[in-house]
Amino acid sequence: MTSRTPTPDETPAGAAARILRGVLLLGRGDPRGIASFGSGPEALLSALAPSVALCLVTILSQALRGYDAIGVVKIFLLIVTLLSRLVVSQFMAVIWKRDDRWIRYATASLWCNWLPIVIMLFAVSLVQLLSPGAASGGSAVGGVVLGVELYELWLSWFVARAGLEIGGGKAALLIVAVNVSLMLLYGLAALLPPHYNVISELLAPMGKPH
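Its first residue numbered 0, the sequence shown is counted upward by one per residue in numbering that gives the first Met the number 0.
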């Protein structure tokens, strides 16, 4: 599998195949995958589109059920955490004089963020199919979640290293900075009314045996 750079006469199907190829290459640790992503504003907006669509679906879902304080906070966090990743990474890229590479990195990062989600869904479904009893206890699912989370951290680190062309230490620092910003946002959401605890909600399904 080789990477292919965007071309002006590329069809939508060709663009989708190119992006998928880039995600799979980066997902297995091949830095050539970064070349599959565009370096212009249009590429970044295209990469943002699925996340924006998810936000719109969430807003519509909340509207149909009726808004409450927790629902509004969830929507706010969804939007702000997405933007904070971009803001923090661009800030670090400017400091390291890698701002000319930032759009391509951000585009690749946004697309690659979906890979751990797909892996998680597939792995959890496989565990439930092969061992329903273990899955219902929560420990097997918890192991899958932990493994995917660790892979997601590695993938974020690798994409930062390949996309910004920085060393491993700087890439690790970037991932720490991004995650600290997210933890601060989650902490504020838990401390301020209506006290929405993101972490406990994410961990709740793993701690409930059926």
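By construction, the Cβ of each residue, glycine as well, lies at the ideal position given by its N, Cα and C atoms.
Alpha carbon to alpha carbon, how far is residue j from residue i? Give it in angstroms, no decimals.
{"i": "residue 209", "j": "residue 140", "result": "Only weak support is given to the placement of residue 209: the predicted model assigns it a pLDDT of 45, under 50, and the value that follows is read from those uncertain coordinates. Approximately 12 Å between the Cα atoms of the pair."}
{"i": "residue 47", "j": "residue 102", "result": "12 Å"}
{"i": "residue 36", "j": "residue 45", "result": "11 Å"}
{"i": "residue 159", "j": "residue 165", "result": "8 Å"}
{"i": "residue 117", "j": "residue 5", "result": "24 Å"}
In chain order, what residues of the same chain lie with their CB nearer than 7 Å to the CB of residue i, ignoring the 5 residues before and after it?
{"i": "residue 77", "result": "54, 57"}
{"i": "residue 123", "result": "140, 143"}
Pick helix, strand or coil for residue i, following the three-state DSSP scheme.
{"i": "residue 191", "result": "coil"}
{"i": "residue 196", "result": "coil"}
{"i": "residue 40", "result": "helix"}
{"i": "residue 165", "result": "coil"}
{"i": "residue 103", "result": "helix"}
{"i": "residue 10", "result": "coil"}
{"i": "residue 30", "result": "helix"}
{"i": "residue 5", "result": "coil"}
Counting only the same chain and skipping the five closest in sequence on each side, list residues whose C-beta sits under 6 Å from that of residue i.
{"i": "residue 189", "result": "196"}
{"i": "residue 97", "result": "163"}
{"i": "residue 177", "result": "84, 87"}
{"i": "residue 174", "result": "155, 156"}
In its own chain, which residues sit with a C-beta less than 8 Å from the C-beta of residue i, not counting the 5 before and 5 after it?
{"i": "residue 192", "result": "68"}
Alpha helix (DSSP H) containing residue i: first to last residue?
{"i": "residue 95", "result": "Taken as a continuous stretch (DSSP letters only), residue 95 belongs to no alpha helix (DSSP H), as it is neither H nor E."}
{"i": "residue 115", "result": "113-129"}
{"i": "residue 65", "result": "Where residue 65 is concerned, there is no enclosing alpha helix (DSSP H), given that its DSSP letter is neither H nor E."}
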